[in-house]
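Chains as they are written, first to last, in my numbering: chain A, 1 to 307; chain B, 308 to 614. Yeah, the Cβ is synthetic: ideal placement off N, Cα and C, and Gly gets one too.
Number of protein chains: 2
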Amino acid sequence: MAELLVIGSVALDSVETPFGSVEDALGGSATYFSTAASLLTGVRVVAVVGEDFPEDHLETLRGRGIDLEGLQRVPGRTFRWSGRYVDDLNQAVTLDTQLNVFETFDPELPDSYKDSPYVFLANLHPALQLKVLEQTSGDAFTGADTMNYWIEGERSLLEEVFRRVDCVMINEAEALEFSGESNIFRAVRVIEELGPEYIVVKRGEYGAVLWHRGEIFFIPAFPLEEVIDPTGAGDTFAGGLFGYLAASDGHQTEDLRRGLMVGSVLASYNVEDFSLGRLLSITREDITMRAGHFERMIHIDSDGSVF
Amino acid sequence: MAELLVIGSVALDSVETPFGSVEDALGGSATYFSTAASLLTGVRVVAVVGEDFPEDHLETLRGRGIDLEGLQRVPGRTFRWSGRYVDDLNQAVTLDTQLNVFETFDPELPDSYKDSPYVFLANLHPALQLKVLEQTSGDAFTGADTMNYWIEGERSLLEEVFRRVDCVMINEAEALEFSGESNIFRAVRVIEELGPEYIVVKRGEYGAVLWHRGEIFFIPAFPLEEVIDPTGAGDTFAGGLFGYLAASDGHQTEDLRRGLMVGSVLASYNVEDFSLGRLLSITREDITMRAGHFERMIHIDSDGSVF
Chain A
1 MAELLVIGSV ALDSVETPFG SVEDALGGSA TYFSTAASLL TGVRVVAVVG
51 EDFPEDHLET LRGRGIDLEG LQRVPGRTFR WSGRYVDDLN QAVTLDTQLN
101 VFETFDPELP DSYKDSPYVF LANLHPALQL KVLEQTSGDA FTGADTMNYW
151 IEGERSLLEE VFRRVDCVMI NEAEALEFSG ESNIFRAVRV IEELGPEYIV
201 VKRGEYGAVL WHRGEIFFIP AFPLEEVIDP TGAGDTFAGG LFGYLAASDG
251 HQTEDLRRGL MVGSVLASYN VEDFSLGRLL SITREDITMR AGHFERMIHI
301 DSDGSVF
Chain B
308 MAELLVIGSV ALDSVETPFG SVEDALGGSA TYFSTAASLL TGVRVVAVVG
358 EDFPEDHLET LRGRGIDLEG LQRVPGRTFR WSGRYVDDLN QAVTLDTQLN
408 VFETFDPELP DSYKDSPYVF LANLHPALQL KVLEQTSGDA FTGADTMNYW
458 IEGERSLLEE VFRRVDCVMI NEAEALEFSG ESNIFRAVRV IEELGPEYIV
508 VKRGEYGAVL WHRGEIFFIP AFPLEEVIDP TGAGDTFAGG LFGYLAASDG
558 HQTEDLRRGL MVGSVLASYN VEDFSLGRLL SITREDITMR AGHFERMIHI
608 DSDGSVF
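Spelled out as structure tokens, the structure:
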């Protein structure tokens, strides 16, 4: 088992879906990522919160063994996001984003974090992602997520991030936007030219595609008849993948395939309740159970021939 | 190997895509279906064409061993469809539909067709689908496709079709429309209540889902970097599935899983050229090759546990 470092947001989310709403609930990319990964391995968090952030939330994360030495508490208000999901539970409508303490965030890694062998840069200003990369070991296996905002506003810094990480995780629509292509497999080739060994394209309810030097792997989304709140699904998915890689301390293509299955299982639990309600209640047995069902859902009896 | 009967359209298509266009090209659901299936098993076609239908096209089909005894040639013009694919190659814009000889089509099965052990009812007026069912053996393994037009206009006849077939094949958007649900797995339960043992939901570039008494199987679409003309992809997919079932004379869930892979492979070839250009040029070796790649794209090394 190896240690996993994540930089991202720890936030207070206000979310409305057809099934209800929450206000100032625990959220943020680093929160979802680390909570998911903490079921699998030791996690170290780099993030920032304001004076108003409830100590209870920190206790919740610490209670799962998550290392918060790299979490700064500074004067000011915590990062806040509010959004609404209407008919299409795949796509949030952002109502408000308040960067607050993130506006001046300067990620400084504790010495104990610097040798982390697995590093994930959740969606964040690419300048901050690069700043974390510079403080970590060149031997680390690294991944990065992003969003359309940085594709449009910080293109060259984002390209630098993609050049320097081993694994890019990106939504399908954002991969198309980044590449200017209309076909997702051509889009992936454009990203690959920058250097990442692995590219994971997230397709929402249709699952994800892993690209590794021309080799393709498809993982569906774990089927659910009811999604209560999709917030954090992508971060939970990434936390499951990187948590699995760190736990098994491997990053060959077979490791990523199994890791994507674990990520998909964790994301499926996460969307069954608001905030971290469901993710905080599941155990390793729950993961094993859904993973077993999952394997059956993609299995073909192979006799090696069609005819 | 068992015989496979299909009823559907044999048509002249005019199609425009970003890569070019064709006029009055060989098309129609029964044409794509039977051409695909003829790579796998013996196929019998029930359809109708007009006096204007080129004899060359019939020779093309006969040359593949397809039995056209049930194809009527009647006075009048052949069924014509014209459509355009603009940015979204998943969705055709229909420019014109001329039913012509289909307006008065009365499907009459030759005696030699009536014992066909595999029967597929391609998209067609549900009254005609039922008429074919009534002329075939009750022991046959049967499947049916449909479209939004019949969901909206012939609901009760369509429900009767779904009640009487073993396998419903339906587009995702149409399954949602039919059921009134917003979640595809709940939609499938609504269809299942009518009785079909298998339901195949087609998701375009995202592949398909097989539902069998609560058991789910996902098959991706075979990845392509360029789609030239998607016309007939769904019919080719169905022809590959039912062709495989008839060829191996089995319809257990494992047969359908492998059949869906074969259907997906055949559909991937079909969209690489206009009309039946590509489908007419491939061999069993081509199918075997892509099927081999495909298995690798969904394979996870299974040691039975996550931890």
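Assumed close pair residue i, residue j - CB separation to whole angstroms, cut-off 8 Å
i: A/L241; j: A/G277; result: Actually they are not in contact, since the Cβ atoms of A/L241 and A/G277 sit about 22 Å apart, beyond 8 Å.
i: A/L210; j: A/L256; result: 6 Å
i: B/V381; j: B/R391; result: Contact flag wrong, Cβ pair sits at about 29 Å.
i: A/Y113; j: A/L4; result: With a Cβ gap of about 10 Å, A/Y113 and A/L4 do not count as contacting.
i: A/I216; j: B/M604; result: 5 Å
i: A/G8; j: A/N90; result: Contact flag wrong, Cβ pair sits at about 21 Å.
i: A/L128; j: A/P107; result: 6 Å
i: A/K202; j: A/N171; result: 5 Å
i: A/L158; j: A/I151; result: 6 Å
i: A/A2; j: A/P117; result: 4 Å
i: A/R258; j: B/I607; result: 6 Å
i: B/P537; j: B/V495; result: So it is not a contact: roughly 24 Å between Cβ atoms.
Nearest to residue i (by Cα), restricted to the options the options
i: A/S14; options: A/A140, A/F274, A/R203; result: A/F274
i: B/P334; options: B/L312, B/T348, B/V355, B/F326; result: The sequence given here places Gly at residue 334 of chain B; Pro does not occur at that position. Minimum Cα distance to B/G334 is reached at B/V355.
i: B/P433; options: B/D473, B/T543, B/E467, B/V393; result: B/E467
i: B/V407; options: B/V317, B/N490, B/A482; result: The amino acid at residue 407 of chain B is misidentified as Val; the sequence shows Asn. Checking every option, the nearest Cα to that of B/N407 belongs to B/V317.
i: B/A332; options: B/G539, B/S612, B/A343; result: B/G539
i: A/S21; options: A/M261, A/I228, A/R284; result: A/I228
i: A/F120; options: A/F141, A/L224, A/T104; result: A/F141
i: B/R384; options: B/D359, B/I373, B/E592, B/G377; result: B/D359
i: B/G370; options: B/F386, B/W388, B/R387, B/L346; result: B/L346
i: A/M289; options: A/Y269, A/Y244, A/P196, A/L71; result: A/Y269
i: B/G550; options: B/E504, B/R591, B/A480, B/E579; result: B/R591
i: A/V132; options: A/V86, A/E226, A/G70; result: A/G70
i: B/V393; options: B/L319, B/E561, B/E323; result: B/E323
i: B/Y456; options: B/E499, B/D422, B/T404; result: B/T404
i: A/Q72; options: A/F105, A/P54, A/Q135; result: A/F105
i: A/S248; options: B/L567, B/A528, B/E461, B/V613; result: B/V613
i: B/T367; options: B/W388, B/P325, B/L586; result: B/L586
i: A/G65; options: A/V43, A/D56, A/P54, A/F79; result: A/V43
i: A/M261; options: A/E23, A/I287, A/I282, A/Q252; result: A/I287
Beta-carbon proximity of residue i to residue j, cut-off 8 Å
i: B/V472; j: B/G450; result: yes
i: B/L573; j: B/F544; result: yes
i: B/I526; j: B/G511; result: no
i: B/S341; j: B/V352; result: yes
i: A/A291; j: A/T41; result: no
i: B/F492; j: A/P223; result: yes
i: B/V497; j: B/E488; result: yes
i: B/E481; j: B/M454; result: yes
i: B/D452; j: B/G357; result: no
i: B/H519; j: B/E533; result: no
i: B/G557; j: B/Y339; result: no
i: B/L375; j: B/S389; result: no
i: A/L130; j: A/R80; result: no
Residue(s) in a DSSP beta bridge with residue i
i: B/Q405; result: B/R387
i: A/A144; result: A/L121, A/V168
i: A/S14; result: A/S82
i: A/I219; result: A/A208
i: B/Q379; result: B/V355
i: B/D374; result: B/R351
i: A/A25; result: A/D13
i: B/G327; result: B/T324
i: A/L4; result: A/V43, A/Y118
i: A/I199; result: A/V168, A/W211
i: A/V188; result: Answer is none; A/V188 lacks a bridge partner.
i: B/V400; result: B/R391
Residue i: CB within 7 Å of a non-hydrogen atom of the ligand SAM
i: B/F549; result: Here there are no bound small molecules, and the ligand SAM is not part of this structure.
By the 7 Å beta-carbon criterion, what residues does the stretch 289-307 of chain A contribute toward chain B?
Answer set for the stretch 289-307 of chain A: A291, E295, M297, I298, I300, D301, S302, S305, V306, F307.
Can you list, in chain order, the residues of the stretch 556-569 of chain B whose Cβ is nearer than 7 Å to any Cβ on chain A?
Within the stretch 556-569 of chain B, the qualifying residues are E561, R564, R565, M568, V569.
Contact list for the stretch 219-232 of chain A against chain B, Cβ threshold 8 Å:
Those residues of the stretch 219-232 of chain A that come within reach of chain B (Cβ to Cβ, closer than 8 Å) are P220, P223, L224, E225, E226, V227.
Using a beta-carbon distance cut-off of less than 9 Å, what residues from the stretch 185-204 of chain A approach chain B?
Flagged, chain order: F185, R186, R189, R203.
Could you name the residues of the stretch 573-595 of chain B whose beta carbon sits closer than 7 Å to any beta carbon of chain A, in the order they occur along the chain?
Within the stretch 573-595 of chain B, the qualifying residues are R591, I594, T595.
Using a Cβ-Cβ cut-off of less than 8 Å, give me the residues of the stretch 63-87 of chain A that come near chain B, in sequence order.
Residues are counted here when their Cβ sits less than 8 Å from a Cβ of chain B; for the stretch 63-87 of chain A these are D87, given in chain order.
Listed in chain order, which residues of the stretch 207-219 of chain A have Cβ atoms closer than 9 Å to some Cβ of chain B?
Listed in sequence order: G207, V209, E215, I216, F217, F218, I219.
Residues of the stretch 313-328 of chain B with a CB closer than 7 Å to any CB of chain A: list them in chain order, please.
Residues passing the 7 Å Cβ filter: none.
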